[in-house]
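Numbering (our numbering), first residue to last: 36 to 97.
In what follows, a structure is listed as structure tokens, so that the remarks can point back to it.
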């Protein structure tokens, strides 16, 4: 559970850094995401999840 909370905190830190350093660019990215189809968003989200699980598996293996 500690690792999960640490990972969640890191996500918040990274998002906060991007929001503070590149607010206009992030707004453009969100507008681009809004124009994408739900199936494209779903495929991108699933791809990110699979890559994340694979990276966690590699990190935990070594």
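Glycine included, C-beta positions come from ideal geometry on N, C-alpha and C.
Everything numeric in this text was worked out from a predicted model, so none of it was measured.
For residue 86, I'd like the list of residues in its chain whose CB is within less than 6 Å of its CB, leaving aside the five on either flank, ordered along the chain.
none
C-alpha distance - residue 53 paired with residue 36, whole-angstrom precision
26 Å
Tell me the DSSP secondary structure of residue 72 in three-state form.
coil
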